[in-house]
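Residue numbers (mature numbering (1 follows the signal peptide of the UniProt record, and there is no 0)): -16 to -1, 1 to 576.
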């Protein structure tokens, strides 16, 4: 151990530019085929590979293979459902997807290319023996219904021991890159700032996650007790991938495993790789508790529509086919945040008189009960305003008008999304039509994970809107339920432009809800600096700083999100110094 410490210390000293001559002399010690550094790396990776080669993992894989025929039986479509599937497939526009990253653009692609997908459940989950037993029981239950004892999804036989009730402890393996660390920390913040769950760096906590760059992107589900692994290998170093894998660690299985999924999507078994058929199991009402919340096509825990395809055709088709591109989202959905807050008991913190009365389906923030967590497209303390940032509120007329929006920094792949939010509003007793004229070529992916436009015309504004990101979407027309349509444009790769047409028409069919027009927000402004007292971000309580340090930030430049975090006491919060240094080094005083 002392030797490893000395080797790493010398590496830091040499790479930091100290003792320049010494650095050049020892360079060969750390590089090259037979170097100490390479041997250490090989030893570490060999140890990590043992995760996939243990008797337990082989036993679990064999257990699932044995029920493959039964799984296929549960997936068999009735003649009526097959007819419905064919009709929906005819309505879906063919979109030629673009390949942005050589390692793969989705978790399923990355893990398939890394040759680990078939070692994992549903492509990115490491199961415990107990979890595998429960999945087999679910399959048996669906084939031969019985009156077995009821359990709940997320709430298995070990619940509540699967919860990170005292917060999530984690640390990084020594060979985790700065890119991996930063992506993970941003992903952790996505969950932390919208729940009551704290993340802390600690190598000594009894229960902890070790984050390392193994082959592929994968995690266990829930807290196991002791140390458990989470991998963000090559190609996995994005905020959305980190947030997805952390979703598993917090307790989520995949959305398409919900017991009610057949009411929302159809699994097209004839397009699935034979070796993957037993991965499309679903839970039963005995094992799946969704807290009464809707199935959201825009969940970050939902895989994309061509997952495990053997012919590049769709393997999952939504009943509302306009959601086809939305499957495989890069964003944590509002429904997922609401569900996790319910699961961890966060909402009980605000179950008192005086908590915020949230609009548009929002709920009181467990870190500040006088503010709200809002659905996508809504902001402000009470979810009754357009979110801070670029965009504007537009007034529809009876004639078509044009909205042209360009978003993105135009310099390759970025860590964070640039977003703009628009509201299109119209007079009472009208509804709004929105038509896509064009979208930039070259960024079309399943799930619209690099860029896109989200248009929410739904009656239930808690749900994710429709997302589009391909030139082939031109001509797509949507009609709103009410007289307001929130629209979000987003980009984290190169630059994208969307051109939309919009107008209002008579509502018809009875009285529609009337949404009051906000007269203070009609002028297009780009960008808008958030007002100091007007944020919807949580306020983190101060606590002692952690001493664990990540690798130093290469450039002392704050991330875009620091403008919002400045209003949340981010720099004096319980978040570790390494997180602050990776995200907002200048804001938090780490710059010399």
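All C-beta atoms, glycine included, are put in the ideal place defined by N, C-alpha and C.
Handout entry: Alpha-carbon to alpha-carbon, residue 184 and residue 571
Key = Sequence index remark: in the chain shown, residue 571 carries index 587 (1-based). Sequence index remark: in the chain shown, residue 184 carries index 200 (1-based). So the alpha carbons of these two residues sit roughly 20 Å apart.
Problem - Cα-Cα separation between residue 418 and residue 396, rounded to whole angstroms - result: Position 434 of the chain shown, counted from the start, is the residue given in the question as residue 418. Position 412 of the chain shown, counted from the start, is the residue given in the question as residue 396. Going from the Cα of residue 418 to the Cα of residue 396 covers about 30 Å.
Exercise for the section: Enumerate, from N- to C-terminal direction, the unbroken beta strand (DSSP E) stretches of 3 or more residues contained entirely within the stretch 172 to 238. Expected result: Every beta strand (DSSP E) stretch that sits fully inside the stretch 172 to 238 and reaches 3 residues is listed by chain position as 183 to 185, 192 to 196, 201 to 204 and 211 to 216.
Exercise for the section: Would you tell me roughly how many angstroms separate the C-alpha atoms of residue 177 and residue 53, rounded to the nearest one? Expected result: Along the chain shown, one-based indexing puts residue 177 at 193. Along the chain shown, one-based indexing puts residue 53 at 69. Going from the Cα of residue 177 to the Cα of residue 53 covers about 43 Å.
Practice task
Can you grab the Cα-Cα spacing for the pair residue 556 / residue 182, in whole Å?
Solution key: For the purposes of this step, residue 556 is taken as residue 572 along the chain shown, with counting starting at 1. For the purposes of this step, residue 182 is taken as residue 198 along the chain shown, with counting starting at 1. In a straight line, the C-alpha of residue 556 is about 14 Å away from that of residue 182.
Problem - Spatial distance of residue 564 from residue 47 (CA atoms) - result: Position 580 of the chain shown holds residue 564. Position 63 of the chain shown holds residue 47. Answer to the nearest angstrom: the Cα atoms are 44 Å apart.
Handout entry: Buried/exposed call for residue 254, threshold 16 Cβ in 10 Å
Key = Stepping through the chain shown from its first residue, residue 254 is reached at position 270. When all chains shown are included, residue 254 counts as exposed.
Practice task
Please work out which residues of its chain come closer than 6 Å, Cβ to Cβ, to residue 354, disregarding the five sequence neighbours upstream and downstream, and give them in chain order.
Solution key: Stepping through the chain shown from its first residue, residue 354 is reached at position 370. Within the same chain, residue 354 has close Cβ partners 340.
Practice task
Please report the residue range of the beta strand (DSSP E) in which residue 401 lies.
Solution key: Along the chain shown, one-based indexing puts residue 401 at 417. Residues 397 to 409.
Problem - Through-space distance from residue 404 to residue 579, alpha-carbon basis - result: For residue 579 there is no data in the structure shown, the boundaries of the chain being -16 and 576.
Handout entry: residue 439 in three-state terms, based on DSSP
Key = Mapped onto the chain shown, residue 439 falls at position 455. In the three-state scheme derived from DSSP, where H, G and I count as helix and E and B as strand, residue 439 is classed as strand.
Exercise for the section: Return the residue from the list 387, 69, 320 and 438 that minimises the CA-CA distance to residue 485. Expected result: Indexing the chain shown from 1 puts residue 485 at position 501. Closest by alpha carbon: 387.
Exercise for the section: Assign residue 570 to one of three DSSP states: helix, strand, or coil. Expected result: Working through the chain shown from its first residue, we reach residue 570 at position 586. Correct three-state label for residue 570: coil.
Practice task
To the nearest angstrom, report how far apart residue 406 and residue 468 are at their CA atoms.
Solution key: Here residue 406 refers to the residue found at position 422 when the chain shown is read from its first residue. Here residue 468 refers to the residue found at position 484 when the chain shown is read from its first residue. Straight-line Cα distance between these residues: approximately 10 Å.
Problem - Endpoints, alpha helix (DSSP H) assigned at residue 67 - result: Your numbering for residue 67 matches position 83 in the chain shown. Under the DSSP assignment, residue 67 falls in the alpha helix (DSSP H) whose first and last residues are 63 to 75.
Exercise for the section: Express the C-alpha separation of residue 93 and residue 244 in angstroms, rounding to a whole number. Expected result: In the chain shown, counting from the first residue as 1, residue 244 sits at position 260. In the chain shown, counting from the first residue as 1, residue 93 sits at position 109. Looking at the two C-alpha atoms, the distance is approximately 26 Å.
Practice task
List the DSSP bridge partners of residue 471.
Solution key: Residue numbering aside, residue 471 sits at position 487 when the chain shown is read from its first letter. Under DSSP, the beta-bridge partners assigned to residue 471 are 406 and 439.
Problem - residue 32 to residue 198 span [Cα, whole Å] - result: On the chain shown, position 48 is the one that residue 32 refers to. On the chain shown, position 214 is the one that residue 198 refers to. Note that residue 32 scores a pLDDT of 47, beneath 50, so its modelled location is shaky and nothing firm can be said.
Practice task
Measure from the alpha carbon of residue 423 to the alpha carbon of each residue in 232, 376 and 480, then state which is nearest.
Solution key: Taking the first residue of the chain shown as position 1, residue 423 is located at position 439. Ranking the options by Cα distance to residue 423, first place goes to 480.
Handout entry: Exposure of residue 106, with buried meaning 16 or more beta-carbon neighbours within 10 Å
Key = Position 122 of the chain shown, counted from the first residue, corresponds to residue 106. Of the residues assessed, residue 106 falls on the buried side of the cut-off, its CB having 16 or more other CB atoms within 10 angstroms.
Problem - Candidates 351, 367, 219 and 329: closest to residue 358 by CA position - result: Your numbering for residue 358 matches position 374 in the chain shown. The candidate whose alpha carbon is nearest that of residue 358 is 367.
Practice task
Go ahead and pull the three-state DSSP assignment for residue 432.
Solution key: In the chain shown, counting from the first residue as 1, residue 432 sits at position 448. Residue 432 sits in coil when the DSSP states are folded into three classes, being neither helix nor strand.
Handout entry: Nearest-angstrom Cα separation, counted from residue 189 out to residue 301
Key = If you number the chain shown from 1, residue 301 lands on position 317. If you number the chain shown from 1, residue 189 lands on position 205. Taking the straight line joining both Cα atoms gives about 43 Å.
Handout entry: Buried versus exposed call for residue 259 [16 or more other C-beta atoms within 10 Å across all chains shown]
Key = For this step, residue 259 is matched to residue 275 along the chain shown. An exposed status is given to residue 259, since fewer than 16 other beta-carbon atoms sit within 10 Å of its beta-carbon.
Practice task
Measure from the alpha carbon of residue 111 to the alpha carbon of each residue in 203, 318 and 315, then state which is nearest.
Solution key: Translated into the one-based positions of the chain shown, residue 111 becomes position 127. Ranking the options by Cα distance to residue 111, first place goes to 203.
Practice task
Could you check the C-alpha separation between residue 186 and residue 478 for me, to the nearest Å?
Solution key: For the purposes of this step, residue 186 is identified with residue 202 of the chain shown, where counting begins at 1. For the purposes of this step, residue 478 is identified with residue 494 of the chain shown, where counting begins at 1. Distance between the alpha carbons of residue 186 and residue 478: 36 Å.
Exercise for the section: Could you spell out the range, first to last residue, of the beta strand (DSSP E) harbouring residue 484? Expected result: Counting from 1 along the chain shown, the entry for residue 484 is found at position 500. Counting along the chain, the beta strand (DSSP E) containing residue 484 begins and ends at 480 to 490.
Practice task
Note the first and the last residue of the continuous beta strand (DSSP E) segment covering residue 300.
Solution key: For this step, residue 300 is matched to residue 316 along the chain shown. That run of the beta strand (DSSP E) goes 300 to 302.
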